[in-house]
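First the structure, in the form of structure tokens, and then the observations on it.
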Ligand SMILES: [Zn+2]
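Residue numbers (my numbering): 32 to 110.
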């Protein structure tokens with residue numbers, strides 16, 4: 032059973048596709064995050080844009096972005 036719709040976990044935007052449409056066409060530009068939770072347990076989250084993904088991540092772990100950006104800055108300074 033193939034899921035014929037996709038819901039953005041951040042803004043709630045939903046796209047549906049018919050039997051004839053390819054999901055990869057309809058979901059062009061979307062981001063899908065897999066959250067490995069253990070043996071054969073995977074949560075998948077879909078987002079319609081990078082800003083939706085960013086907003087969702089910030090709501091999940093509000094304390095991370097600052098540290099994350101800091102480590103990114105340290106990495107880029109070496110380039
Ligand atoms: Zn969205």
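Using N, Cα and C, we set each Cβ at its ideal position, and we do this for glycine too.
If you measure between the beta carbons of residue i and residue j, is that distance less than 9 Å?
i          : j          : result
residue 65 : residue 75 : yes
residue 78 : residue 63 : yes
residue 55 : residue 45 : no
residue 87 : residue 59 : no
residue 61 : residue 90 : no
Could you give the DSSP three-state label for residue i: helix, strand or coil?
i           : result
residue 73  : strand
residue 55  : helix
residue 82  : helix
residue 49  : coil
residue 6   : Any property of residue 6 remains undetermined from this structure, which presents the chain solely from 32 to 110.
residue 102 : helix
residue 1   : Absent from the model: residue 1. The displayed extent of the chain is 32 to 110, so no value can be given.
residue 41  : coil
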